[in-house]
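Residue numbers (this note's numbering), protein chains in the order written: chain A, 8 to 326; chain B, 19 to 355. Backbone N, C-alpha and C fix where the C-beta goes; we use that ideal spot for every residue, glycine too. Owing to the predicted nature of the structure, the values given are computational and were not obtained by experimental measurement.
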Amino acid sequence: MNDQRPLLEVKNLKKYFKTPHGMLHAVDDVTFSIEEGKTLGMVGESGCGKSTAGRAILRLIEPTGGSIFFEGEDLLLLNRRKMQDKRKKMQIIFQDPFSSLDPRKTVSQIIEEPLRINRILRKKYERLAKVLELMELVGLAERYINTYPHELDGGTRQRIGIARALAMNPKFIVCDEPVSALDVSIQAQIMNLLKQLQEKMGLTYIFITHDLSVVNHFSDDIAVMYLGKLVEKAPAEVLFRDPLHPYTQALLSAIPTPTLKKSKERIILKGEISSPVEPQPVCRFANRCIHVMERCRQECPELVEVEKDRYVACFLVGQ
Amino acid sequence: MKDQNTVTNALEINDLVVEYRTEDGIVQAVNNLDMKLEKGKTLGLVGETGAGKTTTGLSILRLIPDPPGVIVSGEIYLNGKNLLLATEKAMEKIRGKQVSMIFQDPMTSLNPVTVVEDQIAEVIELHENLSKSKSLEKARNMLELVGIPGERGKEYPHQFSGGMKQRVVIAIALACNPLLLIADEPTTALDVTIQAQVLELMKELRETYDTSMLMITHDLGVVSEICDTVSVIYAGRIVEHGTLEDIFEHTGHPYTEGLFNSLPNLEDRQSKLKPIKGLMPDPSNLPAGCPFHPRCNYALEICKSAAPPKVYRNENHYIRCHLYDEVNVKTGKVLKG
């Protein structure tokens with residue numbers, strides 16, 4: 008399986024934003040790859056750069072540096088037209104089903120929009136047939152076809168967002184917190200749907216979320232981000248069983264589990280995420296880390312492969 | 019009024035009905051809700067969006083926006099005193115002093131143009147008849163208590179992060195040592211590591227102050243961390259109530275079971291999620307009988323017409339569901355898991 012090239016390879020991806028106080032390093036030197044048909048869960052707290060990374064991969068925001076290989080082609084070298092063509096295979100599902108749908112369009116207009124813009128189906132009746140097919144695929148009743156988003160609840164709207172993303176028959180979808188705005192019972196419905204679709208259509212996902220229990224259930228690999236840096240990446244099962252980076256350990260222990268038997272000792276982190284504006288070239292987690300050493304405040308640990316498929320950026324492990 | 023010394027419940031709600039009367043119809047937000055919270059304990063009120071959790075919390079403080087909200091009937095006893103009979107003047111003395119509330123979003127519950135120590139001092143000055151300077155001193159102590167250096171009291175809310183703002187809100191809520199603290203999704207807007215910090219802080223403070231707490235949340239994980247008893251609310255009524263152990267180990271109601279099955283299991287990656295089918299009912303048009311029957315996998319014919327009564331499994335644990343009678347509630351495994 009490893010002989011074939013991964014569907015997506017991201018190398019040293021950077022995205023900096025200019026602020027009055029200096030450069031904000033939202034995504035800093037992030038490297039990872041995903042094989043076809045797999046799911047990479049991307050986890051971290053607000054402001055860690057996970058959404059920015061997801062958008063930069065699709066070039067919805069222009070990366071500052073690095074390279075992104077999709078099917079072996081560097082996306083950052085493509086011109087506008089070629090990129091638009093590539094994007095048919097790369098789609099995104101947004102977090103907030105309330106603001107990601109045009110309130111003045113009906114459900115069918117929203118779902119057919121990509122088909123119309125990319126001139127895939129020119130005839131109206133063809134598009135209508137495709138819309139109905141997509142609606143059935145994501146479990147939307149036909150009667151919703153002429154309704155407007157405001158008439159529908161969060162879960163139903165998120166299904167519209169998914170149908171729209173599937174309209175171009177993509178290979179790869181960035182799911183940016185697709186369930187975090189939904190109630191638990193609806194969350195489970197949408198997660199099962201995404202999983203079914205993956206099996207049926209062979210989709211590859213990046214699943215961005217702050218909820219670790221969600222990614223565990225969903226992902227093959229998990230990448231943990233902290234302040235713009237990738238701090239650990241490993242197969243989901245391994246990461247949950249035996250996290251290596253102190254931040255991952257704290258993050259995992261902080262999940263409130265709905266059971267009475269508390270198996271693990273909780274690590275309560277002191278302090279809060281520091282500023283990503285003009286960060287010093289040291290470990291960005293040093294201020295909150297319980298294992299902090301002198302060296303952590305002097306240089307920045309690189310992401311290294313400590314075992315097969317396990318990457319960690321920490322001086323405690325393998326450096 | 020009942021005798022205050024013999025009262026064991028900090029809060030007792032009987033048969034509460036709250037409606038929002040709008041031009042488009044009557045929204046039945048809370049329907050014959052009962053609730054009991056023992057002194058010094060924490061009760062978790064669990065349910066999904068639109069179940070009536072926040073409306074219940076606001077009713078206790080009589081802060082339901084009126085119009086369109088109306089408390090139609092019922093009784094709310096705080097320490098044996100019926101709040102629904104209190105005058106507006108008396109309520110002003112109760113809010114912030116005997117009962118205080120922490121809201122979900124710390125970004126909007128603080129005043130952006132006032133420094134935080136003034137916001138804490140305001141409650142103290144108002145309720146404890148202290149001078150301005152004494153109140154400020156106490157405000158700074160409260161800040162220290164929630165883990166913020168006292169000198170940062172001179173700063174404005176925007177200079178604090180989300181977790182710290184929520185700590186300030188907690189400081190305000192606890193400033194007058196309330197009998198009852200209503201926490202409405204206090205950690206939902208926070209990141210997991212910060213959520214863990216804030217929950218830990220609330221646990222500590224609850225013990226220091228011996229405060230009773232009503233924890234409104236949708237997160238069963240949070241419930242298991244901090245609550246003693248749990249009430250599960252669906253369509254404005256309590257469908258199951260019991261101790262933490264009753265609810266987690268002897269889950270009775272199909273809806274409660276559905277909530278647990280919707281959560282990903284951290285230990286077992288292969289387990290498939292079993293979501294509850296369908297959607298929350300429209301509260302302006304509730305189904306007849308048991309409001310959960312259209313979504314229930316176990317629904318019987320009777321569920322469509324008659325609202326189920328409470329069936330007690332033990333002294334505390336009751337379930338409102340037609341699947342149960344006096345006998346099988348104690349013995350049988352009724353739910354299939």
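Going along chain B, which residues have a C-beta under 7 Å from residue i?
i: VAL221(A); result: PRO282
i: ASN372(A); result: No information on residue 372(A) is available, as it lies outside the stretch 8 to 326 that chain A covers here.
Taking CB distances under 8 Å as the criterion, tell me whether residue i reaches chain A.
i: HIS176(B); result: no
i: THR67(B); result: yes
i: PRO293(B); result: yes
i: PHE359(B); result: Here chain B covers residues 19 to 355 and nothing more, so residue 359(B) does not appear.
i: GLY62(B); result: no
i: LEU262(B); result: yes
i: GLU218(B); result: yes
i: HIS236(B); result: yes
i: GLY254(B); result: no
i: GLY239(B); result: yes
Given this structure, state the Cα-to-Cα distance separating residue i from residue j, to the nearest angstrom.
i: PRO288(A); j: MET97(A); result: 34 Å
i: LEU14(A); j: PHE179(A); result: 9 Å
i: GLY146(A); j: GLU285(B); result: 29 Å
i: PRO326(B); j: GLU319(B); result: 12 Å
i: ILE197(A); j: GLN165(A); result: 8 Å
i: TYR38(B); j: GLY87(B); result: 4 Å
i: GLU119(A); j: SER280(B); result: 32 Å
i: ASN283(B); j: HIS224(A); result: 8 Å
i: MET19(B); j: GLN215(B); result: The predicted model places MET19(B) with a pLDDT of 49, which falls under 50 and marks its position as unreliable, so this point remains unresolved.
i: ALA261(A); j: LYS99(B); result: 39 Å
i: PRO312(B); j: MET298(B); result: 10 Å
i: LEU234(A); j: ASP300(B); result: 42 Å
i: ALA6(A); j: ILE68(A); result: Shown here, chain A extends from 8 to 326; a query on residue 6(A) therefore has no answer.
i: ALA139(B); j: TYR252(B); result: 38 Å
i: GLU140(A); j: MET90(A); result: 27 Å
i: GLY73(A); j: ASP36(A); result: 8 Å
i: GLY165(B); j: LEU276(A); result: 13 Å
i: THR211(A); j: LEU204(A); result: 10 Å
i: GLY325(A); j: ALA170(A); result: 45 Å
i: THR74(B); j: ALA47(B); result: 9 Å
i: ASP158(A); j: SER107(A); result: What sits at residue 158(A) in the sequence shown is Glu, not Asp. So the alpha carbons of these two residues sit roughly 15 Å apart.
i: LEU135(A); j: MET175(A); result: 14 Å
i: PRO263(A); j: GLU258(B); result: 22 Å
Is there a Cβ of chain B sitting closer than 8 Å to that of residue i, yes or no?
i: PRO7(A); result: Outside the displayed range of chain A (8 to 326) lies residue 7(A), so it cannot be described from this structure.
i: LEU15(A); result: no
i: HIS252(A); result: no
i: SER53(A); result: yes
i: VAL313(A); result: no
i: HIS187(A); result: According to the sequence displayed, residue 187(A) carries Ser and not His. SER187(A) does not count as touching chain B.
i: PHE247(A); result: yes
i: HIS217(A); result: yes
i: VAL231(A); result: no
i: LYS224(A); result: Reading off the sequence shown, one finds His at residue 224(A), where the question assumed Lys. Yes, its Cβ sits closer than 8 Å to a Cβ of chain B.
i: SER192(A); result: yes
What does residue i reach in chain A if we use C-beta pairs closer than 9 Å?
i: SER179(B); result: GLU279 and ILE280
i: SER242(B); result: PRO263, THR264, PRO265, THR266, LEU267 and LYS269
i: GLU267(B); result: LEU267
Who are the neighbours of residue i on chain B, taking C-beta pairs under 8 Å?
i: GLU143(A); result: Correct list: empty, because the minimum Cβ distance to chain B is about 17 Å.
i: GLY162(A); result: LEU297
i: LEU258(A); result: VAL210 and THR211
i: ARG12(A); result: Within chain B, no residue comes near ARG12(A); the closest Cβ sits about 27 Å away, beyond 8 Å.
Which chain B residues sit within Cβ distance under 9 Å of residue i?
i: ARG273(A); result: ALA214 and GLU218
Compare the C-beta of residue i with all C-beta atoms of chain C and state if any pair is closer than 8 Å.
i: GLN196(A); result: Annotation note: the requested chain C is absent from the structure, which comprises protein chains A and B.
Return yes when at least one heavy atom of the ligand NAD lies under 7 Å from the C-beta of residue i, else no.
i: ARG331(B); result: Looking at this structure, you won't find the ligand NAD or any other ligand, since it has none at all.
Pull out every residue of the region 204-215 of chain B whose Cβ sits closer than 8 Å to any Cβ of chain A, in chain order. ASP209, VAL210, THR211, ILE212, GLN213, ALA214 and GLN215
Residues of the region 275-309 of chain A whose Cβ lies closer than 7 Å to any Cβ of chain B, in chain order: Of all residues in the region 275-309 of chain A, ILE275, LEU276 and GLU279 have a Cβ within less than 7 Å of some Cβ in chain B.
Contact list for the region 33-64 of chain B against chain A, Cβ threshold 9 Å: none
Is the region 25-36 of chain B close to the region 88-107 of chain B, with three or more CB pairs under 8 Å? Output reads yes: the region 88-107 of chain B touches the region 25-36 of chain B.
Inter-stretch contact at 8 Å, needing at least 3 Cβ pairs: the region 224-235 of chain B / the region 57-74 of chain B: yes
Take every Cβ of the region 17-33 of chain A, pair it with every Cβ of the region 54-69 of chain A, and state whether three or more of those distances are shorter than 8 Å. yes
Please confirm if the region 131-138 of chain B is in contact with the region 165-181 of chain B, defined as three or more CB-CB distances below 8 Å between the two stretches. Of all C-beta pairs linking the region 131-138 of chain B to the region 165-181 of chain B, three or more are shorter than 8 Å, placing the two stretches in contact.
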